[in-house]
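Scroll down for the structure; my scribbles are underneath it.
Number of protein chains: 2
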Amino acid sequence: MNSDTRWLSDHEQQLWRGLRELIWGFESAMDRQLQRDSELSGVEYSVLAALSEAEDATMRARDIAHALDWERSRLSHLLKRMEARGLVARTECPTDARGFNISMTAAGRTAIERAAPGHVSFVRENVFDPLTPAEQEALLSAATKIQNSLRAAGWWERAKGD
Amino acid sequence: MNSDTRWLSDHEQQLWRGLRELIWGFESAMDRQLQRDSELSGVEYSVLAALSEAEDATMRARDIAHALDWERSRLSHLLKRMEARGLVARTECPTDARGFNISMTAAGRTAIERAAPGHVSFVRENVFDPLTPAEQEALLSAATKIQNSLRAAGWWERAKGD
DNA sequence: TCGCTTTGGTTGACACTTCAACCTTCCGTG
DNA sequence: CACGGAAGGTTGAAGTGTCAACCAAAGCGA
């Protein structure tokens, strides 16, 4: 933080650049694929994917938010749009009058079932196929270590509100 | 794409999940750090960093856009805001009447010089320190291969309009 | 030089995320 | 029970990104 900052060497800059490009580019590439091959955005896909793994395709809103590590308001806005498009339905929660149960509609299931094959192929072709099993392990290991470091330093969690 | 999709195995899902979390979480962690330790957002930092490496701290707008791989309009909007905040200045381009030269102001330089040490420390502590040199190489190699695959499949470039 | 295409850049509408404020309900404690 | 805080969710405003339309200048071939 002070004047004796250890700047990055050329070689380190190269790694940093590669990683940054991947991080910035991968998500938008994925979004492009989804948007082209289906009528779902990446975030909508995430929500439907979470729902599809749940009992009865139904989840409490807060559990979705927690599973995706999202802010409550972000989810709330998105659910409103998705409800308007008929992808999910909202019912009151019998055990907690504050909460809501969000469930996937038939249209929602149709949409994700149509999107899933292309999405999975995208991931397989661009993450698994280009890497050997050993490289895959190395990638997972590195990603995990970086994430752990961020967690330990307190950078992973949001400031405070949610 | 068709019915014989090769779905992901449990183990593959684990890798995919880890990678996704890193991709989604890293950028926001970085933004949090910048926002906390400086008065710059991540994108503003990128622009100033690009400028600071240029001759005279001045670049054509299109060159910035190209260096960051951004859309023209995104850059245009951001520059308008940054100009309003006094971080950059805009002058007409002598050799091309359509273009503009964007240069970093004194305030812009102050801002990035204040932000840089913390940012570099963040990268060093969370990317380099947690990984052995071999792991760093493996990460770069994997990132490069994934990126190449995306490029080859045409997912890297934006649709058409820039 | 004329006309056509490309390039550089801006703009406005719309989509999405964040932030702070707010309301209601739940829960623990005195 | 009462009350004070925590949890679940919504809302509106502001910030940021995308998309398509647009304009002016540049480049280029006939």
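As you go down the protein sequences, you meet chains A and B in turn. Going by the working numbering, the first residue of the first sequence is number 1194, and it counts up by one from there. Going by the working numbering, the first residue of the second sequence is number 1194, and it counts up by one from there. Built from N, CA and C at the ideal position, the CB exists for glycine as well.
Exercise for the section: Go ahead and pull the three-state DSSP assignment for residue 1285 of chain A. Expected result: strand
Exercise for the section: Show which residues of chain B have a CB atom less than 8 Å away from the CB atom of residue 1218 of chain A. Expected result: 1262, 1340, 1343, 1349
Problem - 8 Å Cβ cutoff, residue 1201 of chain B in contact with chain A - result: yes
Practice task
Look at residue 1254 of chain A and residue 1241 of chain A and say whether their C-beta atoms are less than 8 Å apart.
Solution key: no
Practice task
Consider the C-beta atom of residue 1347 of chain A and the heavy atoms of the ligand COA; say whether any pair is separated by less than 7 Å.
Solution key: As far as ligands go, the structure on display features none, and thus does not contain the ligand COA.
Problem - 8 Å contact criterion, which residue 1306 of chain B and residue 1293 of chain B should meet: CB distance rounded - result: Their Cβ separation, rounded to whole angstroms, is 24 Å, which puts residue 1306 of chain B and residue 1293 of chain B out of contact at 8 Å.
Exercise for the section: Could you check what DSSP says for residue 1278 of chain B in three-state terms: helix, strand or coil? Expected result: coil
Practice task
Note down, in chain order, each residue of its chain lying with its Cβ closer than 7 Å to the Cβ of residue 1213 of chain A, except the 5 sequence neighbours on either side.
Solution key: none
Problem - Contact check, residue 1224 of chain B vs residue 1234 of chain B, beta carbons under 8 Å - result: yes
Exercise for the section: Note down the Cα distance separating residue 1244 of chain A from residue 1340 of chain A, rounded to an integer number of angstroms. Expected result: 25 Å
Problem - Inter-residue Cα distance where the pair is residue 1265 of chain A and residue 1248 of chain B - result: 45 Å
Practice task
Could you spell out the range, first to last residue, of the alpha helix (DSSP H) harbouring residue 1221 of chain A?
Solution key: 1203-1230
Practice task
Output the distance between the C-alpha atoms of residue 1229 of chain A and residue 1279 of chain A, rounded to the nearest integer angstrom.
Solution key: 20 Å
Exercise for the section: Would you check if there are 3 or more beta carbon pairs closer than 8 Å linking the stretch 1307-1321 of chain B to the stretch 1310-1329 of chain A? Expected result: no
Exercise for the section: Have a look at the DSSP bridge pairing and note the partners of residue 1296 of chain A. Expected result: A:1251, A:1282
Problem - Range of the contiguous alpha helix (DSSP H) that encloses residue 1323 of chain A - result: Per DSSP, residue 1323 of chain A belongs to no alpha helix (DSSP H) and is neither H nor E.
Problem - the stretch 1305-1322 of chain B: positions lying closer than 9 Å to chain A by Cβ - result: 1309, 1310, 1311, 1313, 1314, 1315, 1316, 1317, 1318, 1319, 1320, 1321, 1322
Exercise for the section: To the nearest angstrom, report how far apart residue 1201 of chain A and residue 1290 of chain A are at their CA atoms. Expected result: 54 Å
Handout entry: DSSP three-state assignment for residue 1346 of chain B, whether helix, strand or coil
Key = helix
Handout entry: Cβ pair residue 1324 of chain A, residue 1346 of chain B closer than 8 Å
Key = no
Practice task
Output, in chain order, the set of chain B residues within a Cβ distance shorter than 8 Å of residue 1233 of chain A.
Solution key: Those within 8 Å of residue 1233 of chain A in chain B number zero; the least Cβ separation is about 16 Å.
Exercise for the section: Determine whether the Cβ of residue 1212 of chain B lies closer than 8 Å to any Cβ atom of chain A. Expected result: yes
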